[in-house]
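Enquirer: Questions regarding the structure given below will be posed in turn.
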Amino acid sequence: MKKTRQRTPRRLSGEPVMERLYEFLKSRNLENTIKQFEENKIDPSVILLMGDEDLKKYFPAYGDRLSVVNYCKKMMNGDEKKSKKARLIETLRSKLGTQRRKKKQFDISNDLPDLENNVTYIDQSGLSNLKNPLTVIDIDDIPIDPDDTVQFGPFPSSDEPQDLSETIPTEFFYINNIKPPSTGTSHPSGLCHGRSY
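Just so you know, full-length UniProt numbering puts 85 at position 85 of the sequence shown, and the rest follows in order with no gaps.
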């Protein structure tokens, strides 16, 4: 024969639970049972363990027994749900706090208030397989002679042979040591300039 194990309800402790139960009993005009509960140390978890015969000692009316048991079940389930909800909220708050801290580490615009908002920051966590790290170049820092003309595109197609020295801008950069089409001096960092310095 298979034994069935009865689930024992979680014992609730604390005055607010008992105060709520006493308020419910007062609303049903059962003030005399409050003293008996205090003497016998009966709380909502004990009420749920009691059978119908035990409850008759405290609640002679059948409706009172049903309503008290139902109220205790709701109170127990409500407190359990609240504790689960509180744990979930705490977990979410800790995760959000962690994300906010990480975001603050990568957000340097707060540290440099004079920086304009035209700089884009890229999350490079997925770029770990690159051999060379990415370099951000600020165009405003490039020294350009006002007498020089700078032309950007359109680029000639590969079918038309042209003299590239006329269409290449005066200042240009190549990343990863690509040789420029005109004669220029290669910079050790991989950046090449169109004219010799």
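Cβ atoms here follow ideal geometry from the backbone N, Cα and C, with glycine treated the same way.
Could you give the residue range of the alpha helix (DSSP H) that holds D54?
Expert: Unbroken alpha helix (DSSP H) run through D54: D52 to Y58.
Enquirer: Since residue 198 contacts D64 with CB under 8 Å, what's their CB separation in whole angstroms?
Expert: Because the chain is modelled from 1 through 197, residue 198 falls outside the range shown and cannot be assessed.
Enquirer: K74 to K84, Cα distance in whole Å?
Expert: In a straight line, the C-alpha of K74 is about 15 Å away from that of K84.
Enquirer: Which one of N70, G97, R87 and I89 has the shortest CA to CA distance from S45?
Expert: Per the Cα distances, N70.
Enquirer: Please state whether DSSP places L30 in a helix, a strand or coil.
Expert: L30: coil per DSSP, three-state reduction.
Enquirer: If you draw a straight line from the alpha carbon of E39 to that of L88, how long is it in whole angstroms?
Expert: Cα to Cα, E39 sits roughly 38 Å from L88.
Enquirer: What do you get for Y58, buried or exposed, if any count of 16 or more other CB atoms within 10 angstroms of its CB means buried?
Expert: Classification of Y58: buried, given that the 10 Å Cβ count is 16 or more.
Enquirer: Let's test the definition: count the other Cβ atoms within 10 Å of the Cβ of L25 and tell me whether it reaches 16, buried, or not, exposed.
Expert: So L25 counts as buried.
Enquirer: Please list the terminal residues of the continuous alpha helix (DSSP H) segment that includes I47.
Expert: Run containing I47: P44 to L49, per the alpha helix (DSSP H) assignment.
Enquirer: Take Q36 and list the residues in its own chain whose beta-carbon comes closer than 7 Å to its own, dropping the five residues that flank it on each side.
Expert: For Q36, where only same-chain residues beyond five positions count, the Cβ hits under 7 Å are Y58.
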